[in-house]
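Asks: Those protein sequence lines, which keep their order, are chains A and B. My numbering applies: residue 1 is where the first sequence begins, and numbers increase by one. My numbering applies: residue 1001 is where the second sequence begins, and numbers increase by one.
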Amino acid sequence: MGRLFLVTLEGKSYSCKHCKTHLALCDDVVSKSFHCRYGKAYLFSKVANVTVGVKEDRLMMTGLHTVADIFCVKCGSIVGWTYETAHEEDQKYKEGKSVLERYKVSGPDGSNYWVRNETHIISGGEEDQV
Amino acid sequence: MGGVDSEPPSKRRKLKQSSMAETLADDSIGSKRIKKVEFVRLIAESLHSFGYSNTLSNLEKESGIAVSSGLVNEFIKLVLDGNWDESLNSLRKLSVLDESVVKLASFVILEQKFLELLNADRFIDALRTLRTEISCLSIDQTRVRELSSLLLCSRGNVTKPKPKQEVIIDLQRLFPPDVMIPQGRLVQLVEQALDSQQDSCSFHNSVCVDSLFSDHNCGRSQIPSETLQILQEHQDEVWFVQFSHNGKFLASCSKDKSAIIWEVSLDGRLVVKHRLLGHKEPVSCVSWSPNDDWILTCGVEEVVRCWDVQSGECVRIYDKTDLGMVSCNWSPDGQRVFTGFNDKSIVMWDLDGNEMESWKGEKTLRISDLQVTGDGKFIISICKENMILIFDRGLAKERLIKEDYNIVSFSLSGDKKFLLVSLVNQEIHLWSLDGDVRLVAKYKGHKCSRFVVRACFGGVDQAFVASGSEDSRVYVWHRETGELIKTLGGHSGAVNCTSWNPVNPHMVASASDDRTIRIWGLKGLNSNHSCMCRT
Chain A
1 MGRLFLVTLE GKSYSCKHCK THLALCDDVV SKSFHCRYGK AYLFSKVANV TVGVKEDRLM
61 MTGLHTVADI FCVKCGSIVG WTYETAHEED QKYKEGKSVL ERYKVSGPDG SNYWVRNETH
121 IISGGEEDQV
Chain B
1001 MGGVDSEPPS KRRKLKQSSM AETLADDSIG SKRIKKVEFV RLIAESLHSF GYSNTLSNLE
1061 KESGIAVSSG LVNEFIKLVL DGNWDESLNS LRKLSVLDES VVKLASFVIL EQKFLELLNA
1121 DRFIDALRTL RTEISCLSID QTRVRELSSL LLCSRGNVTK PKPKQEVIID LQRLFPPDVM
1181 IPQGRLVQLV EQALDSQQDS CSFHNSVCVD SLFSDHNCGR SQIPSETLQI LQEHQDEVWF
1241 VQFSHNGKFL ASCSKDKSAI IWEVSLDGRL VVKHRLLGHK EPVSCVSWSP NDDWILTCGV
1301 EEVVRCWDVQ SGECVRIYDK TDLGMVSCNW SPDGQRVFTG FNDKSIVMWD LDGNEMESWK
1361 GEKTLRISDL QVTGDGKFII SICKENMILI FDRGLAKERL IKEDYNIVSF SLSGDKKFLL
1421 VSLVNQEIHL WSLDGDVRLV AKYKGHKCSR FVVRACFGGV DQAFVASGSE DSRVYVWHRE
1481 TGELIKTLGG HSGAVNCTSW NPVNPHMVAS ASDDRTIRIW GLKGLNSNHS CMCRT
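1) Name the chain A residues whose beta carbon is nearer than 8 Å to that of Phe1451/B?
2) Classify Ala1259/B as helix, strand or coil using the three-state DSSP reduction.
3) Arg1473/B CB to nearest chain A CB: under 8 Å?
4) Can you tell me whether Thr1498/B is buried or exposed, with buried defined as 16 or more other CB within 10 angstroms of its CB?
5) Would you call the CB atoms of Ser1345/B and Trp1359/B closer than 8 Å?
6) Can you tell which of Asp1292/B, Asp1436/B, Gly1459/B has the C-alpha that lies nearest to the C-alpha of Glu1398/B?
7) Applying the criterion that 16 or more other CB atoms from any shown protein chain within 10 Å of the CB defines a buried residue, is Asp1256/B buried or exposed?
8) Once you ignore the five residues that flank Ala1021/B on each side, which residues in its own chain have a CB closer than 7 Å to its CB?
9) Alpha carbon to alpha carbon, how far is Asn1073/B from Ser1053/B? Give it in angstroms, no decimals.
10) To the nearest angstrom, how far is the alpha carbon of Val1326/B from that of Glu1191/B?
11) Which residues, in order along the region 35-60 of chain A, keep a beta-carbon less than 8 Å from a beta-carbon of chain B?
12) Please determine, among Trp81/A, Gly107/A, Asp109/A, Gly96/A, the residue with the shortest C-alpha to C-alpha distance to His35/A.
13) Any C-beta of chain A within less than 7 Å: which residues of the region 1403-1429 of chain B qualify?
14) Thinking C-alpha only, which one of Asn1501/B, Val1040/B, Thr1297/B, Gln1141/B is nearest Asp1461/B?
15) With DSSP run on the structure shown, which of helix, strand or coil describes Thr62/A?
16) Could you spell out where the beta strand (DSSP E) holding Met1367/B opens and where it closes?
17) Could you please tell me which residues of the region 62-88 of chain A, in chain order, have their CB closer than 8 Å to any CB of chain B?
18) Applying a beta-carbon distance threshold of less than 7 Å, which residues of chain A neighbour Arg1366/B?
19) Which residues, in chain order, does the region 1480-1504 of chain B contribute to contact with chain A at a C-beta distance below 7 Å?
20) Please say whether Val1452/B and Phe5/A have beta carbons closer to each other than 8 Å?
21) According to DSSP, simplified to helix, strand and coil, what is Gln1188/B?
22) Assign Gly1468/B to buried or exposed, taking buried as 16 or more other Cβ atoms, counted over all protein chains shown, within 10 Å of its Cβ.
23) Quick one: what's Leu1276/B bridged to in DSSP?
24) Using a Cβ-Cβ cutoff of less than 7 Å, which residues in the same chain neighbour Asp1514/B once the five nearest sequence positions on both sides are dropped?
25) According to DSSP, Ile1065/B sits in a beta bridge with which residue or residues?
26) If you run the structure through DSSP and keep just helix, strand and coil, what is Arg1269/B?
27) What three-state label does DSSP hand Leu1117/B in the structure shown?
28) Tell me which residue opens and which closes the beta strand (DSSP E) that Glu1281/B is part of.
29) Cβ atoms of Trp1239/B and Leu1276/B: under 8 Å apart, would you say?
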């Protein structure tokens, strides 16, 4: 691949667990109480250095949403999903924001989050929750 | 049966032609209803300027149009001879002119008379002219005062009278155009037509002169579209290519930590001249010195090396401990080197490796280009993700170009007045730097969302914009219209960078992740300096 265009984030940030690419700033956390199949997930208002996958409708705990998976631009591993549209009024605040799975990122101090049971993990989780 | 005349059409036409000379029944031609009289007079003026006096008199006889009245001709002749008084007399005889024009023209003539007398040291006569003739025209009193001051102290070239031709041109401007036709008017009209044909030709990419016999029409064949050569010397992705200013060399640099200088031979093929080895990190960009004697290469967050182009030796290493360099460029005079660092500062060095000045603060980013323009006064770099900074280092003033999406790379036009900005949302924006900074055009169609993909200007008069793309093609747009003209396929990896030879408008180089550089040229031709106007 060519010379990757990587954005460098200033300040405390979460990075991709595998390749350390900066993904989002701690300041951009909107909510820490999201869930995915593999544990906790955080909702961020802005993420960087990700590519967006195919849009699809998913039924989550809070209703029907149009989401797309997001992948780290450098290593290509899936890191979460982004909300394209929310079909319920009270979920509209999520539109345009992205969720990063805690399992897939290293925290600002480099800490990682381990899943309770390391089952066969292929794709990112769904589930969601306010 | 309404048929009015039963005369056969051919007879009618003949009749018309013979009476054309006298009646000029049909006195406008073409769809724009150009006045025939004016057209014939233009032709006559051209004939007159070529000196074809016989043809000219024949034309006047046949068309019955008096090309220019005898009085005007006489007047012009008298002015050219420098016979000022006589010319004034004949000027007054020209009744077609109104008072004000006569006065202004007289002023011009008398001014010349005055200056001539002054030069001939005939002061009394000059003074008399000024007093009696010029000032009673009561025109342009300031000039009259200037002239009178010249009587007292002559100042070099101000007192010299103008050459007679210039006087005629001045008078032409005063006279209404149908009395004295501006010289070279027909040629001027033809040139305007040619310009407008060229402007509307999206593919115009050659410098040959058009024939007048048919419309200018380049055709797609003028844009390089065929791979002429594949250069396979790099061991890893090639990230940057650039032709030297004189078009004789091409520099490329790669993730394989090396750079290569190629020489463009006379038949248009490129051969390796030097391999520049020494960097310990992938080399992200190269920069040719303004005189093409040296080349700078920048390792990613490493050092900047300066190489001599002829010998291939590394003559200088620019380095700062604990900091990595991210970009480099020359000042326009070739005496200073500017480098960007990964701590967001920019440093200026001299050719011996001494640090001259540094600017700290958010001046540049880790992935950013660096350009220096305006005699070294302005530094251009990407200072924030979506902003380009134009920094006036003398006055410490800043201008910003703000975009809505992250800026991936930018490149400057040859005349340093335009900036081509590549964005992460797959658009290229053209900004004008002259005076106010403003957006001029947008180019779309290529793919650029993950990698640093660069665009460049090129072609005759830099009329085209070329860019790499992540879908392995080279994209070429027409700069004025924004129309996507061509996509060049052939690479098997993302095309990172393109460069158009500044001297040969038919040679384009592209650098790709497939480790090759492709040289593109015209179909069926070697990319030497021949040009075809029409296919």
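Just so it is clear, CB atoms sit at the ideal spot from N, CA and C, and this is done for glycine as well.
Replies: Once the coordinates are examined:
1) Scanning chain A for C-beta atoms nearer than 8 Å to the C-beta of Phe1451/B yields Met1, Gly2, Arg3, Leu4, Phe5, reported in chain order.
2) Strand at Ala1259/B.
3) Output row for Arg1473/B: interface = no.
4) By the 10 Å Cβ count, Thr1498/B comes out buried.
5) In contact: Ser1345/B and Trp1359/B (Cβ atoms closer than 8 Å).
6) Of the listed residues, the one whose Cα sits closest to Glu1398/B is Asp1436/B.
7) So Asp1256/B ends up on the buried side.
8) In this predicted model, Ala1021/B has a pLDDT of only 43, less than 50, meaning its place in the structure is not dependable; the value taken from the coordinates is given anyway. Glu1062, Ser1063, Gly1064.
9) If you take the alpha carbons of Ser1053/B and Asn1073/B, they lie about 13 Å apart.
10) Cα to Cα, Val1326/B sits roughly 49 Å from Glu1191/B.
11) Cβ contacts with chain B come from Thr51.
12) The shortest C-alpha to C-alpha distance from His35/A to any of Trp81/A, Gly107/A, Asp109/A, Gly96/A is the one to Trp81/A.
13) Within the region 1403-1429 of chain B, Asn1406, Val1408, Val1424 place their CB atoms closer than 7 Å to a CB of chain A, listed in sequence order.
14) With respect to the C-alpha of Asp1461/B, the residue from Asn1501/B, Val1040/B, Thr1297/B, Gln1141/B having the closest C-alpha is Asn1501/B.
15) Here DSSP, grouped into helix, strand and coil, assigns Thr62/A to coil.
16) Note that residue 1367/B is Ile in the sequence shown, not Met. From DSSP, Ile1367/B is part of no beta strand (DSSP E); its letter is neither H nor E.
17) Listed in sequence order: Val73.
18) In chain order, Thr8 make up the part of chain A whose C-beta sits under 7 Å from the C-beta of Arg1366/B.
19) Answer in chain order: Ala1494, Asn1496.
20) Taking 8 Å as the Cβ cut-off, Phe5/A and Val1452/B qualify as a contacting pair.
21) Three-state result, Gln1188/B: helix.
22) Gly1468/B counts as buried, since at least 16 other C-beta atoms from the protein chains shown sit within 10 angstroms of its C-beta.
23) DSSP links Leu1276/B through a beta bridge to Ala1259/B.
24) Cβ within range, chain order: His1491, Ser1492, Gly1493.
25) Assignment of beta-bridge partners to Ile1065/B by DSSP yields no partner.
26) In the displayed model, Arg1269/B falls within coil according to three-state DSSP, outside both helix and strand.
27) Here DSSP, grouped into helix, strand and coil, assigns Leu1117/B to helix.
28) Per DSSP, Glu1281/B lies in no beta strand (DSSP E) and is assigned neither H nor E.
29) Their beta carbons are not under 8 Å apart, which means Leu1276/B does not touch Trp1239/B by this criterion.
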